[in-house]
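*Asks:*
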Amino acid sequence: MGIFITANQQDVEHVYITKNQSHQSDVMSICGFNPGDVENEVDPDRNSETTITATVNEKTGQISSFTSHVQILSGQSKVLLKDGSAVKRSLQSPFNYVLSLEKGSGFKFDFPVPVLDSTVRVRITRKSCYLELIADVAKSTDWSSLPSFMYPVFLDSGLPTPWNMPQVNLPSLPAINFSNPSSERLRWLRAHLPTMWSAQESALKSNPSLSVSPNIRARVDFEDSLFHIFLGFSGISGPQASVYGIECPEEKGVQMLVFVSKMLMDIPNRTVVLDAAVLPLYIDLMPKILPALESMSRSSHSPTSIRTSKDDLYLWKEAVPAWTERCRSWPHKPSCEYIRTENIPLSIKFGERVLCSCGEGTVPINFMPKFPGWKDLAKHCVRMAISPAFASVLVDKPVDMSAILSASHASGEDSNSCQVCGKDKQADGSGLLACSRCHKANYCSRDCQKADWKKHKKSCKADGN
């Protein structure tokens, strides 16, 4: 990728910082819809028709509960229900339930937001042949009690659809150049990645003995593993690594391999994203790839271990389908295991398949050009787009950015490049100017030193102090 122009942030002739995106007067919002466009959902086999109704709290204006009404259309199911068939309720996720008739069909109840299982009520009307499931909406304070998945993927009109993960077109995003990872121009990444953690999560990292739910601890560990992969691939804090093994001692070793090709600027979402491929390991696959794995372990590309707990590993297995779907450029086949089993992921159990087989072998040939065993493993890999997992400010207080920026700034003050623009010398070719007080911060010009003083003076101390 070519560089068209470089300029300092203070260059008012060429640089203009906008509050909103280009050609936008405000933040984009979701478009509304006409009531006439809303239709009840009829399942593909026409066995049932579903209507979802929201109950709104008049005082707060917030949705307090949902009622999912399933009208049974199947003649056989009608007979079973009228004859007194038992109805069994099963929880699939905080969004999904299934009510099953004994010796009959199961009927899905899908909600647009998480609901509290402890509040679920089931209403059965045998004469009119319908089932209803009523549940209260989960509040942010209830989320720690929910199953710990973060990026659900559901079947929508028969196709896997990420529920809260934005789509990305990886080939269109600009790649970050890490040929000089020590450059001051990359210091922003060290400040950006820690914003994944909320204030509560940061406190837990500082004091692991704090009492929290297993779900919260799993999310913190999950974010920590992402942090090490992003930082490890960049090389800004140690040797660069592009192959990672997601390892869980409780689950007998490495459970999946992650191959990172590039780190890209995810401009629409104001973050970074890894262009990666994943190889989830399962029992039936191992005989086919064992020679390639042995060859890899003996090479300079042996995987960097990312150790996880069992709960953290389950989060990985639940996130991988969303990461693969968000950048998918291939069609799902009629034989797709997701569609056949109606399970996404297929399983999170040890030794079982996680992803469907539709995307295997669709990773570009030149994806890992320096990796000798790539050709043998690529046919079993699926491309995915990994983003940092940021905490929501709607749920918890954000982390203290001033502390992060101060630490990031201090970490670069002993470097041999300008604190502001990253240049390694002055315009006339002479050496950098050093701060006359602390002799640690370096600048290529008086203008850069002046622009940085407001920030630098917070950490500037005279020699010997």
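Residues in the sequence shown are numbered from 1 upward in steps of one, following UniProt numbering. We put the CB at the ideal spot given by N, CA and C, even for glycine. Keep in mind it's a predicted model, so treat the numbers as computed, not measured.
#1: Relative to the C-alpha of N177, which candidate in A427, Q240, R121 has its C-alpha closest?
#2: Would you tell me roughly how many angstroms separate the C-alpha atoms of N215 and H439, rounded to the nearest one?
#3: For M196, which of helix, strand or coil comes out of DSSP?
#4: Less than 6 Å between C-beta atoms, sequence neighbours within five positions excluded: which residues of the same chain meet that for W316?
#5: Can you find at least 3 beta carbon pairs, one from the segment 301-309 and one from the segment 226-241, that sit closer than 8 Å?
#6: Can you tell me whether D26 is buried or exposed? The criterion is at least 16 other CB atoms within 10 Å of its CB, across all chains shown.
#7: Output the boundary residues of the beta strand (DSSP E) element that contains I306.
#8: Quick check on P291: does DSSP put it in helix, strand or coil?
#9: Could you pull out every unbroken beta strand (DSSP E) segment of at least 3 residues lying fully inside the segment 133-195, listed in chain order?
#10: Among D447, R217, C248, G104, which residue has its Cα nearest to the Cα of L146?
#11: Among A434, V212, Q10, which residue has its Cα nearest to the Cα of W143?
#12: Apply the 10 Å Cβ neighbour rule to T341 and answer buried if 16 or more other Cβ atoms are within range, or exposed otherwise.
#13: Where does M286 fall in DSSP's three states?
#14: Unbroken beta strand (DSSP E) runs of length 3 or more, entirely within the segment 9-77: which are they?
#15: By Cβ distance below 6 Å, which residues in the same chain neighbour G61 in space, the five residues on each side in sequence not counted?
#16: Kindly list the residues whose CB is nearer than 8 Å to the CB of H380, restricted to its own chain and excluding five residues on each side of it in sequence; keep chain order.
#17: Just list the residues that DSSP pairs V278 with in beta bridges.
#18: Taking DSSP's pairing of strands, which residues face A451 in a bridge?
#19: Apart from the five residues just before and just after L433, which ones in its own chain have a Cβ nearer than 8 Å to its Cβ?
#20: Just verifying my parser: in three-state terms, what is the DSSP assignment at P331?
#21: Does the segment 345-359 come within contact of the segment 164-171, defined as at least 3 CB pairs closer than 8 Å?
*Replies:* The short version:
#1: Closest by alpha carbon: Q240.
#2: When rounded, the separation of the alpha-carbon atoms in N215 and H439 is 47 Å.
#3: For M196, the secondary structure class from DSSP, reduced to helix, strand or coil, is helix.
#4: Excluding five sequence positions before and after W316, the CB atoms of its chain that fall closer than 6 Å to its own CB belong to I246, given in chain order.
#5: By the C-beta criterion, the segment 301-309 is judged to be in contact with the segment 226-241, since at least 3 inter-stretch pairs fall below 8 Å.
#6: D26 comes out exposed.
#7: Its beta strand (DSSP E) spans residues 304-307.
#8: Note: P291 maps to helix in three-state DSSP.
#9: Runs found: 153-156, 159-162.
#10: When only C-alpha atoms are compared, the closest one is R217.
#11: Of the candidates A434, V212, Q10, the one whose C-alpha sits nearest the C-alpha of W143 is V212.
#12: Exposure of T341 is indicated by the presence of fewer than 16 other C-beta atoms within 10 angstroms of its C-beta.
#13: Reduced to three states, the DSSP call for M286 is helix.
#14: The qualifying runs are 48-56, 63-72.
#15: Result list for G61: empty, nothing under 6 Å.
#16: Only L279, L285, K288, I289, E360, G361 meet the Cβ criterion.
#17: V258, V382, per the DSSP bridge assignment.
#18: BP columns for A451 are empty, so no partner.
#19: These residues qualify, in order along the chain: Q426, N442, Y443, C444, S445, R446, Q449.
#20: Coil.
#21: Not touching, per the Cβ criterion.
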